[in-house]
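When we follow the numbering used here, the leftmost residue of the sequence shown carries the number 5, and every step to the right adds one.
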Amino acid sequence: MSTAKAKSHVDAHRSTLSEVCRLLGLPEVAGARHVDTTFLHRHLKAGQRLTSQGEPFEALYIVAEGYFKTFVADETGNQLVLGFPLQGDLVGADGLCNHRHASYAVALTDADVVVVPFRCIAHLGRSLDDFEQIIYRAISRELVTDHALRSLVGTLGAEARVARFLANFADRCGRPGLPATRFTLPMTRQEIGSYLGLTLETVSRAFSALADAGLMQVAQRELELHDVDQLRVLQKLHATATARGASRRGDRAKRGNVTWVDMLGANV
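Here you go:
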């Protein structure tokens, strides 16, 4: 592994239990404001590891700022990307099973996390009936989100997979009910491809196809999504539908720009 293992910086700043609940986007635990326990923050530079595959499990981490990549790696260093945690997401739960982390978590940007030591979870669970439920809900939410995004990977074409990924990322970067439409991707196209089961070249072609369809503008990692709702429609199509759309794009390439209708294969 070539990823930096430099020591991350532990900040003197601490978060209360109430602040942790808000960061997770979950209801405040009853009695949280009367608990003296606070949680340290840890700062990481881009490229630093938060957890390592095979490392003893000691804590859960809640992303307060920045972006991460989680992945597994084989003996030769080949990576399989598992996810891209961002603000409000829980990192490190893979260590709960065997008390060792099953994957790496690396900061894609400068980042800040709240450290929730495992011993603290057990302690608070004994004094606050709802605390463990909050942790379980946070873990369950991550599993459900990941399953929803990955469940269609085997049935969708490349453009649909990328569209689904971008729509989901826009939701996560925005506010509830108001997805972000302009953002900078913290990950590379190769990392997106690893996550979606696509090659780098296929991801690049999908980006170009979605841009040609008028669904977004792309400048390196800078994205502006013109119609997130249409990306959601496209992401639901079966692979055969997107293949027909790709065929239509080829037939009409000489006649002008492709519209999102061509991409969707809709009859209008």
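Think of the CB as a built atom: it goes at the ideal place given N, C-alpha and C, for glycine as much as any other residue.
Secondary structure of residue i, DSSP reduced to three states
i	result
Y140	helix
D175	helix
R55	With the sequence shown as reference, residue 55 is identified as Thr, and Arg is not the correct amino acid for it. Strand, per DSSP.
L27	helix
A243	Legend: pLDDT at A243 = 42, less than 50; position of this residue unreliable, value from coordinates given subsequently. Helix at A243.
F88	coil
D116	strand
H17	strand
T42	strand
L182	strand
T149	helix
R248	Low confidence applies here, because R248 scores a pLDDT of 45, under 50, leaving its location unreliable; read the following figure in that light. R248 falls in the helix class under three-state DSSP.
S22	helix
L229	strand
L189	coil
Nonlocal neighbours in the same chain, by C-beta distance under 7 Å from residue i, ignoring five residues either side
i	result
L21	V33, A36, V39 and T41
E23	none
R141	L30
L214	E163, V166, A167 and M220
Closest residue to residue i among the options (Cα-Cα distance)
i	options	result
T149	A164, F173 and E226	F173
V166	G201, H151 and E59	G201
R209	E163, D233, R168 and P183	E163
L112	V119, V67 and H151	V67
I143	H127, F169 and C101	C101
C25	G81, T206 and E136	E136
P89	L182, G81 and F72	F72
L28	L128, R53, E59 and E69	E69
G178	D78, G92, L44 and R46	G92
H47	T203, G81 and A115	A115
A109	K49, S19, E205 and V207	K49
Sequence-distant residues of its chain with Cβ nearer than 6 Å to residue i (five each side left out)
i	result
T185	L229
D183	Residue identity differs from the one stated: residue 183 is Pro in this sequence, not Asp. Here the set comprises A174, D175 and V232.
F211	V222
Cβ neighbours of residue i in the same chain (closer than 8 Å, five flanking residues each side left out)
i	result
S107	T55, Q57, T74, F75, V76, L86 and D98
L84	F75, V76, A77 and S198
Below-8 Å beta-carbon distance, residue i vs any chain C residue
i	result
V67	The structure shown contains no chain C, having only a single protein chain.
Practice prompt. Indicate whether the contact test is met: 3 or more Cβ pairs, each with one atom in the segment 51-68 and one in the segment 119-131, closer than 8 Å.
Written response: The answer is yes - the segment 119-131 touches the segment 51-68, with three or more Cβ pairs under 8 Å.
Worksheet item: Considering only residues of the segment 195-227, which uninterrupted beta strand (DSSP E) runs meet the minimum length of 3 residues and lie entirely inside it, listed in chain order?
Response: Fully enclosed beta strand (DSSP E) runs of 3 or longer: 220-223.
Discussion item. With a threshold of 8 Å, are at least 3 pairs of Cβ atoms found where one atom belongs to the segment 188-195 and the other to the segment 215-232?
Written reply: The count of Cβ pairs closer than 8 Å, one atom from the segment 188-195 and one from the segment 215-232, reaches three, so the stretches are in contact.
Worksheet entry | Ranges of the beta strand (DSSP E) found wholly within the segment 62-112, counting only runs of at least 3 | Listed in chain order, the complete beta strand (DSSP E) runs (minimum 3 residues) inside the segment 62-112 are 63-69, 72-77, 83-87 and 108-111.
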